[in-house]
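A quick write-up on the structure given underneath.
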Amino acid sequence: MIIKQLSFVIFSFFLLVIFPGNVVAQTTVITGKVTDMDAKPLENVSVVIKNTTNGTTTDASGNYRLSTTKASGNILVFSFVGFTDKEINQSLGNTTNVQMEKTNQSLETVVVVGYGTQKRKDVTGAVASVDRKRLDDVPNTNFAQALQSAIPGLSIDQNSGGAEGNNNTIRIRGRNSISAGTSPLIVLDGIIYTGGISDINPSDIELIDVLKDASAAAIYGSRGANGVILITTKSGEAGKSQVNFTSSTGVSVFNKRLELLDAPTYAQYIHDKIPD
15 MIIKQLSFVI FSFFLLVIFP GNVVAQTTVI TGKVTDMDAK PLENVSVVIK NTTNGTTTDA
75 SGNYRLSTTK ASGNILVFSF VGFTDKEINQ SLGNTTNVQM EKTNQSLETV VVVGYGTQKR
135 KDVTGAVASV DRKRLDDVPN TNFAQALQSA IPGLSIDQNS GGAEGNNNTI RIRGRNSISA
195 GTSPLIVLDG IIYTGGISDI NPSDIELIDV LKDASAAAIY GSRGANGVIL ITTKSGEAGK
255 SQVNFTSSTG VSVFNKRLEL LDAPTYAQYI HDKIPD
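Okay, so the sequence shown: first residue is 15 according to our numbering, each after it adds one.
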């Protein structure tokens with residue numbers, strides 16, 4: 015009996031040594047190359063099997079090599095900064111080549127900064143922009159309305175009294191002082207603007223850039239402590255002449271009209287209040 019058990023153990027050991035594939039799952043190697051739309055290889059692209067932690071990155075030639083225990087049906091997720099994520103369903107073949115499309119085209123947008131312009135991708139500070147198209151989408155009768163709800167972190171308080179739109183207060187990042195002024199610095203076509211914001215015609219504006227943090231507005235020194243609003247107006251362009259006409263009308267009325275005393279009634283009121 016003991017000899018039979020020993021023979022069975024030895025036989026099983028030889029089976030494990032000679033035929034390891036019968037007890038160890040087979041490994042499938044997925045390979046491929048990742049390129050952009052111009053067929054240029056992309057390095058350091060993340061390649062991960064979806065819903066797993068099994069992944070790798072591409073080399074300098076855009077090639078990748080990924081091992082998995084699943085022969086087919088794997089969903090490969092490709093991701094890279096500046097490109098749209100892509101999911102590919104692996105077929106029966108073990109070679110999966112991918113072309114990735116660029117995204118974040120706004121990084122190439124030119125924005126106005128202190129005393130010059132830069133591409134958005136080169137700007138490290140917080141800069142928000144409103145272009146001509148967005149201004150045209152919403153009818154605006156004054157500059158404050160053009161900025162309303164268009165710039166994150168910018169608030170506009172409409173004060174009562176005075177002409178329509180003449181007493182709007184603009185704040186960036188809220189109130190940061192009790193006694194000092196909280197209004198941002200306004201720069202119009204490179205020149206510091208000290209007039210009323212209601213005097214700026216929104217139809218003449220081509221681009222508005224708001225420098226919100228200290229690093230973006232540092233070049234203006236203490237004057238930019240409350241943020242900086244850079245306004246670029248329209249300029250001439252080559253081509254056929256074009257005439258645009260925009261008209262708007264507004265009326266300001268009292269919410270409740272007060273009944274005032276006439277001269278005789280007021281005189282009698284004062285006489286009754288002040289004894290002889």
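All residues carry an ideal CB built from backbone N, CA and C; glycine is no exception.
Check	Outcome
Identify the continuous beta strand (DSSP E) that holds Gln113 and give its terminal residues.	112–114
Can you tell me whether Gly46 is buried or exposed? The criterion is at least 16 other CB atoms within 10 Å of its CB, across all chains shown.	buried
So for Ile233, helix, strand or coil by DSSP?	helix
Three Cβ pairs or more, each shorter than 8 angstroms: is that satisfied between the stretch 250–268 and the stretch 277–287?	no
Gly203 to Thr246, Cα distance in whole Å?	Strictly speaking, residue 203 in this sequence is Asp, with Gly absent from that position. C-alpha separation (whole angstroms): 5 angstroms.
Among Leu225, Val265, Ile44, which has the Cα closest to the Cα of Ser143?	Leu225
Could you tell me if Leu274 is buried or exposed, where buried requires 16 or more neighbouring beta carbons within 10 angstroms of its beta carbon?	exposed
Just reading off the beta strand (DSSP E) that Ile245 is part of, what are its end residues?	242–247
Identify the residues that DSSP records as bridge partners of Val267: which are they?	According to DSSP, which records beta bridges pairwise, Val267 is partnered with nothing at all.
In whole angstroms, give me the CA-to-CA distance for Pro216 and Leu149.	8 angstroms
Cβ of Gly76 within 8 angstroms of Cβ of Glu101?	no
In the stretch 34–115, which residue ranges form an unbroken beta strand (DSSP E) of at least 3 residues, counting only runs that do not cross its ends?	42–50, 60–63, 69–71, 77–82, 89–93, 100–103, 112–114
Quick check: what's the CA-CA separation for Leu199 versus Leu221?	16 angstroms
Under the rule that 16 or more other beta-carbon atoms within 10 Å means buried, what is Asp223, buried or exposed?	buried
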